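Peer 1:
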Amino acid sequence: MKKALKTLFSRQTLYFIPLLGLAVLFAYHFNAPDLAFAQTDLITPTDNPTRIGDATGGDFRMLLLQFLNFFLGFLGLLAVLLVIYGGFLYMTAAGDDGKTENGKKVILYAVIGIIIILISFALVNTLINGLLVGTD
């Protein structure tokens, strides 16, 4: 427990948390028009499913595609932040082999995560767009 608290309040973690907060605010800022659009009483709790379907483009598959693309984009942002964090760990290792290896591992696993996210993005878009062929 003591080691977990020490790790939680380490200098690298305390630097990383504000950067993560800034990234979330940055992402929110550019999605603010979409969020404001969702709050204009376009969809209310008393609406029927057809009106909700019309508001989202009329197709559940398109709504699912938008949701999955947003989720994969968020994961991509998180993976890029982990690459930056791993680079920070590597640069601040000050010659300590253990810290250097830890930074390299974080970068390696984040790059593997980015590759998996890109493959998932391509697969999801290909499959769902393939299902959309022939629909009106």
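Just add 201 to the spot in the sequence shown (first one is 1) and you have this note's numbering. No residue lacks a Cβ here, since even glycine has one placed at the ideal position from N, Cα and C. The structure presented is a predicted model; accordingly, all values stated were derived computationally and were not measured.
1) Let me know if L319 comes out buried or exposed under the rule of 16 or more other beta-carbons within 10 Å of its beta-carbon.
2) May I have the straight-line CA-CA distance separating D298 from V284, to the nearest angstrom?
3) From which residue to which residue does the alpha helix (DSSP H) around G274 run?
4) Cα separation between G331 and L265?
5) Taking the alpha-carbon positions, what's the Y310 to I317 distance?
6) In angstroms, rounded to a whole number, what distance separates the CA positions of A295 and N270?
7) Using C-beta distances below 7 Å, list every residue in its chain close to T301, excluding the 5 sequence neighbours before and after it, in chain order.
8) On a Cα-Cα basis, can you pick out the residue from Y286, M263, R262, G314 that is closest to F275?
9) Leaving out five residues before and five after G287 in sequence, what residues of the same chain have Cβ atoms less than 7 Å from its Cβ?
Peer 2: This is what the structure holds:
1) exposed
2) 19 Å
3) 261-292
4) 14 Å
5) 10 Å
6) 39 Å
7) Y291, A294
8) G314
9) G304, V307, I308, A311
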